[in-house]
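Line by line, the protein sequences are chains A and B.
Its first residue numbered 858, the first sequence is counted upward by one per residue in the working numbering.
Its first residue numbered 11, the second sequence is counted upward by one per residue in the working numbering.
Heads up, the beta-carbon is just placed ideally off N, CA and C, and yes, glycines get one too.
This structure is a prediction, so every number in the text was calculated from the model and none was measured.
A short worksheet on the structure shown next.
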Amino acid sequence: MFKPFTGLLAEFKSPASVLAAAKALTKAGYTTVDAHSPFPIHGMDKALKLKDSPLGWVVVIVGTLAFFGAFAFQYWANGVAYPVNVSGKPLLSYPSYICITYGFMTIVASITAATTMFALNGLPQLYYSLFKVGRFAKFSTDGFFISVSETDSKFDKEKTAQLLTELQGEHVVYVED
Amino acid sequence: MTQVVQDIDDTINRPALVTGDATFQAVTDAVVAPLEAPTPRWWMIALTGTTSLLLLLLSLITYLLWAGTGVWGVNSPVGWGFDIINFVYWVGIAHAGTLISAILFTTRQKWRTSISRFAEAMTIFAVLCALIYPGIHVGRMWLAYYMFPVPNQMALWPNFKSPLLWDLFAVSSYFTLSLVFWYIGMMPDLATLRDRALTKTRKIVFGILAMGWRGSARHWLHYEKAYLILAAMGTPLVVSVSSVVSMDFAASQIPGWHATIFPPYFVAGAVFSGFAMVVVMMAGARKVFKLENLVTMHHLETMNKIVLGMGMVMTYIYSMEFFMAWYSADPYEMFAFINRAAGPYAAFYWVMLFGNAVLPQLFWMKRFRRSIVWMVIIGIMANVGMWCERFVIVTTIHRDFLPSSWGLFIPTWVDIGTFLGTWGLFLTLFLLFLRFLPMINITEVKSIMPQASPHEGDKHV
Chain A
858 MFKPFTGLLA EFKSPASVLA AAKALTKAGY TTVDAHSPFP IHGMDKALKL
908 KDSPLGWVVV IVGTLAFFGA FAFQYWANGV AYPVNVSGKP LLSYPSYICI
958 TYGFMTIVAS ITAATTMFAL NGLPQLYYSL FKVGRFAKFS TDGFFISVSE
1008 TDSKFDKEKT AQLLTELQGE HVVYVED
Chain B
11 MTQVVQDIDD TINRPALVTG DATFQAVTDA VVAPLEAPTP RWWMIALTGT
61 TSLLLLLLSL ITYLLWAGTG VWGVNSPVGW GFDIINFVYW VGIAHAGTLI
111 SAILFTTRQK WRTSISRFAE AMTIFAVLCA LIYPGIHVGR MWLAYYMFPV
161 PNQMALWPNF KSPLLWDLFA VSSYFTLSLV FWYIGMMPDL ATLRDRALTK
211 TRKIVFGILA MGWRGSARHW LHYEKAYLIL AAMGTPLVVS VSSVVSMDFA
261 ASQIPGWHAT IFPPYFVAGA VFSGFAMVVV MMAGARKVFK LENLVTMHHL
311 ETMNKIVLGM GMVMTYIYSM EFFMAWYSAD PYEMFAFINR AAGPYAAFYW
361 VMLFGNAVLP QLFWMKRFRR SIVWMVIIGI MANVGMWCER FVIVTTIHRD
411 FLPSSWGLFI PTWVDIGTFL GTWGLFLTLF LLFLRFLPMI NITEVKSIMP
461 QASPHEGDKH V
């Protein structure tokens, strides 16, 4: 879960320049490029060639299980374990189970969506090497950053730094974990 | 998708959503400023007042537990009094938050960004107030856990076919989803607070709450997906919660409590009162915290239009209720409605009609929609009206079929005190929220600003 990072960090002026840099780096063959921005930048996932998030599938599967689980449990509790006869209606009177089935599914699915998001992102991770860079704190206000990890097969401390500068990156620094 | 909305906006030429010094830094500064300023005096005074009311709530719940439900004005035939009135009332207030954050998100309404956090906070606090009532109105509240399917030695299970249990699940699913949505939406902003923190305590607290958020593109990918899914699940919930709550009344046999119109009726009423409440609170907050550039008159006007729209739906439903009573040709049903308008509780009926159907009509005129004074007056009256509506619905059963079973519900001081106490809880939580958390979603507001688009400058419509 814990993701260490050693590599280069460069700062960019605007969403447009950071997006252009991300595209150029990916085109040059880098695969560990990551962007850091105060808000999601439109088109960044495509620029970095990121795969679509599997989160939706997890929520659908867990939510479906919760849906049928809640329905089955209600029938079992009021129809099998302790049969409750309400005005002579059938024990499997499914319309009366819908509200709870739906409510329970929502509870489970919303918690699943949140926890899956944390798991896929490897959060909480309170320490990250980039936090040591003073300027990086700007990412949550108006800073746009690109980081390239040294695990990248194309990574070369000098050449990559130069490429980042050519792409209008500023304050290029090498960060060690 | 942002780009599509952006392009549409360019062609329609809508008013700017962020005015004044519209840089990213300025937005952060404007929202965070109240949290970094020294504690204002008015805040301390207000908190003293609201926590006193909160203490009143705790004392009266203790008194209720000690003495029994007899301290309330409930009786036969009005077996549910203030507890269900206020339960429905608070659930209604909550609705604006989910509507703004879920429905307006899935329909890509950009103006929602600067009011969503505020409204979501209201949702959570209002649902908390609402959840107190089912807990304490059960009579023997130490057995309230029977509402949950807890395995027990008697092999008894809750009756899942009862609308009262549907209520419990509807409201608790609403609470869970709203809380998760609120927190997930706040994480990037908590990171902002962490990165700006001036004191060590703040750094640690916000550091833990932000979970090490680093705005990574890979994180945003999963984050946005999770947010979209939560919004999608919240969308039907806006409609379902009040619908389920209304089943408590709709599924009965008593005149006035036997109507298929109740679910949409309750949903419209909930959205109406919720939006009116957001307008009132926001009109005050933007002034006090100098957020006029983020919550512009355009935002308030748009909300007032929704208040007007929902007011019209309410007006239609009030007329339709009378029509259905007449059309049913059921003398008891007809009497129930005439009794609402001319019986012992007629005053509540007419206040309801004035606040919900008559006064909002002023919003047809732009002058009233854009006047802070008027929108506050109409907003407050809408909430008074909506409270009266719940009172009217709940007390309808005071005169049912036989005059020998008629009676009156008169609230006791404990009833009234408990209601005031829930206001104490709501306002206390709200004051704490205003002081310690960003009341506007900084991240989302930035993302709708023109310079947030990476295609800035080039028009490709």
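Against residue i, what residues of chain A qualify as contacts under a CB-to-CB distance less than 7 Å, listed in chain order?
i, result
"H232 of chain B", "S910, L912, M974, L977 and N978"
"A260 of chain B", "Here the premise fails: no neighbours, minimum Cβ distance about 12 Å."
"W176 of chain B", "C956 and I957"
"S338 of chain B", "Within chain A, no residue comes near S338 of chain B; the closest Cβ sits about 22 Å away, beyond 7 Å."
"V254 of chain B", "C956"
So which residues of chain B does residue i contact, with C-beta pairs closer than 8 Å?
i, result
"P872 of chain A", "Q461, A462, S463, P464 and E466"
"T998 of chain A", "F34, Q35, T38, T202, D205 and R206"
"F961 of chain A", "F179 and S183"
"A934 of chain A", "P159, W167, P168 and F170"
Name the residue from the options whose alpha carbon lies nearest to the alpha carbon of residue i.
i, options, result
"V251 of chain B", "B:L187, B:P448, B:M313 and B:L301", "B:L187"
"I271 of chain B", "B:I95, B:P198 and B:M334", "B:M334"
"K860 of chain A", "A:L987, A:P940, A:Y959 and A:P952", "A:L987"
"Q982 of chain A", "B:R212, B:G222 and B:S86", "B:G222"
"W336 of chain B", "B:V394, B:T422, B:L109 and B:G266", "B:G266"
"L317 of chain B", "B:I146, B:W52 and B:L372", "In the sequence as displayed, the identity of residue 317 of chain B is Val instead of Leu. Closest by alpha carbon: B:L372."
"E1015 of chain A", "A:Y954, A:F1001 and A:V1030", "A:V1030"
"M132 of chain B", "B:M157, B:F170, B:M292 and B:A241", "B:M292"
"P50 of chain B", "B:T453, B:M164 and B:F446", "B:F446"
"V37 of chain B", "B:N451, B:R204 and B:S463", "B:N451"
"D39 of chain B", "B:W76, B:W423, B:P421 and B:L301", "B:L301"
"V919 of chain A", "A:V941, A:A970, A:T888 and A:Y984", "A:A970"
"M449 of chain B", "B:R127, B:L430, B:A462 and B:S183", "B:R127"
"A165 of chain B", "A:L949, A:D902 and A:A934", "A:A934"
"L74 of chain B", "B:G427, B:K297, B:W360 and B:G284", "B:G427"
"G149 of chain B", "B:R206, B:T123, B:V84 and B:R296", "B:V84"
What residues match up with residue i in a beta bridge as DSSP calls it?
i, result
"E1007 of chain A", "The partner list for E1007 of chain A (beta bridge, DSSP) is empty, contrary to what the question assumes."
"A472 of chain B", "Since the first residue shown for chain B is 11 and the last is 471, residue 472 of chain B is missing from the structure and cannot be characterised."
"G864 of chain A", "A:S1006 and A:V1032"
"A892 of chain A", "A:I1003"
"F285 of chain B", "DSSP lists no partner for F285 of chain B."
"F869 of chain A", "A:F1001"
Should residue i and residue j be called a contact, given that it needs their Cβ atoms to be closer than 7 Å?
i, j, result
"E1007 of chain A", "G886 of chain A", "no"
"E201 of chain B", "A227 of chain B", "Glu is not the amino acid found at residue 201 of chain B; the sequence shown has Ala there. Going by C-beta atoms, A201 of chain B is not nearer than 7 Å to A227 of chain B."
"A278 of chain B", "M324 of chain B", "yes"
"V1005 of chain A", "T1022 of chain A", "no"
"S997 of chain A", "P872 of chain A", "no"
"Y193 of chain B", "W397 of chain B", "no"
"V281 of chain B", "H105 of chain B", "yes"
"V402 of chain B", "M362 of chain B", "yes"
"L167 of chain B", "P159 of chain B", "First, the amino acid is wrong: residue 167 of chain B is Trp here, not Leu. Closer than 7 Å, so yes."
"I390 of chain B", "V455 of chain B", "no"
"G434 of chain B", "L138 of chain B", "no"
"D425 of chain B", "W82 of chain B", "yes"
"F299 of chain B", "Y342 of chain B", "no"
"F869 of chain A", "G991 of chain A", "no"
"T245 of chain B", "A112 of chain B", "yes"
"I103 of chain B", "R400 of chain B", "no"
"L882 of chain A", "F1002 of chain A", "no"
"R224 of chain B", "F216 of chain B", "no"
"G395 of chain B", "G365 of chain B", "yes"
"N393 of chain B", "M322 of chain B", "no"
Using the beta-carbon of each residue, which ones in chain B are nearer than 7 Å to residue i?
i, result
"L865 of chain A", "Correct list: empty, because the minimum Cβ distance to chain B is about 15 Å."
"L905 of chain A", "A227"
"I918 of chain A", "Result: empty, since nearest Cβ-Cβ is about 13 Å, beyond 7 Å."
"Y985 of chain A", "G222 and R224"
"Y887 of chain A", "What Y887 of chain A touches in chain B: nothing, since even the nearest Cβ is about 13 Å away."
Run down chain A in chain order and give the residues with a C-beta less than 9 Å from the C-beta of residue i.
i, result
"N366 of chain B", "Residues of chain A passing the Cβ test: none, with the nearest at roughly 27 Å."
"P198 of chain B", "P895, F896 and S997"
"T209 of chain B", "Here the premise fails: no neighbours, minimum Cβ distance about 15 Å."
List the residues of chain A that residue i touches, going by C-beta distances under 8 Å, in chain order.
i, result
"H229 of chain B", "N978 and L980"
"V190 of chain B", "S967, I968, A970 and A971"
"G80 of chain B", "Within chain A, no residue comes near G80 of chain B; the closest Cβ sits about 30 Å away, beyond 8 Å."
Cβ closer than 9 Å: which chain B residues qualify as neighbours of residue i?
i, result
"V943 of chain A", "N169, K171 and S172"
"Y1031 of chain A", "In chain order: nothing, as chain B lies at least about 18 Å away."
For the region 989-1034 of chain A, list the beta strand (DSSP E) runs that are entirely contained and at least 3 residues long, ordered along the chain. 1001-1006 and 1027-1032
In the region 412-442 of chain B, which residue ranges form an unbroken beta strand (DSSP E) of at least 3 residues, counting only runs that do not cross its ends? none
Give, in chain order, every unbroken run of the alpha helix (DSSP H) that is at least 4 residues long and sits entirely within the region 203-281 of chain B. 210-220 and 227-260
Tell me the start and end of each unbroken beta strand (DSSP E) in the region 95-147 of chain B that is at least 3 residues and wholly inside, in chain order. none
Alpha helix (DSSP H) runs contained entirely in the region 13-97 of chain B, provided each spans 4 or more residues: 34-46 and 51-77
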